[in-house]
Amino acid sequence: MKQTLLISFILLLFLSGCNRYVVADIPAEGTFHMTLINNTDIDVYGYEVSYSQDGTRRGGSGGGQYADNSKIKKGDTFTLDFNQVNFLPDKEVTFVITVFTGKHQTEKVTLSSPVTTMVSNLESTYYVKIVGENKEELSIN
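Each residue of the sequence shown is one higher than the one before, counting from 66 in the working numbering.
Structural data, given as structure tokens:
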């Protein structure tokens, strides 16, 4: 009986560490995430996102990059947090995305097509895929 209990416990312990579910990153109340997906063939070192409503710039992300200034590899995601209190309710928001293509933010490319959306009141994550084979062709897919 002790052996059966011990084997069951070990099996349960082993199986609890082996699951196929990915942890969902749920934004805190009153915030939302913008997750940028790097699907480019160029060197990307960071991002900056500014936003406006009714033609007035309301703020920005302050930028983001890896602490060691390493490249954001193709397929990597980078998440920026925004607080909904910084936005006017029930108004369309335009996000302008800048991609840093040089170490220490020495070179940058601002994407020509901004992302326009309504910010929902619910905690949510917006996924934006950035594509391009060179700096001149960077765009949002």
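In this text, a Cβ means the ideal position worked out from N, Cα and C, and glycines have one as well.
Apart from the five residues just before and just after residue i, which ones in its own chain have a Cβ nearer than 6 Å to its Cβ?
| i | result |
| --- | --- |
| residue 159 | 117, 179, 181 |
| residue 194 | 102, 104, 206 |
| residue 61 | Given that the chain is displayed from residue 66 to residue 206, the structure contains no residue 61 and the question cannot be resolved. |
| residue 147 | 97 |
Please state whether the Cβ-Cβ distance between residue i and residue j is less than 7 Å.
| i | j | result |
| --- | --- | --- |
| residue 98 | residue 144 | yes |
| residue 165 | residue 131 | no |
I'd like the list of long-range same chain contacts for residue i, defined as Cβ closer than 8 Å, with 5 residues on each side in sequence excluded.
| i | result |
| --- | --- |
| residue 149 | 95, 96, 97, 184, 186 |
| residue 124 | 115, 116, 151 |
Quick one: what's got a C-beta closer than 7 Å to residue i's C-beta in the same chain, skipping five residues either side?
| i | result |
| --- | --- |
| residue 198 | 106 |
From which residue to which residue does the beta strand (DSSP E) around residue i run?
| i | result |
| --- | --- |
| residue 165 | 157 to 165 |
| residue 112 | 111 to 118 |
| residue 173 | 173 to 175 |
| residue 124 | 121 to 125 |
| residue 180 | 180 to 183 |
On the DSSP bridge assignment, give the partners of residue i in chain order.
| i | result |
| --- | --- |
| residue 98 | 146, 190 |
| residue 204 | 196 |
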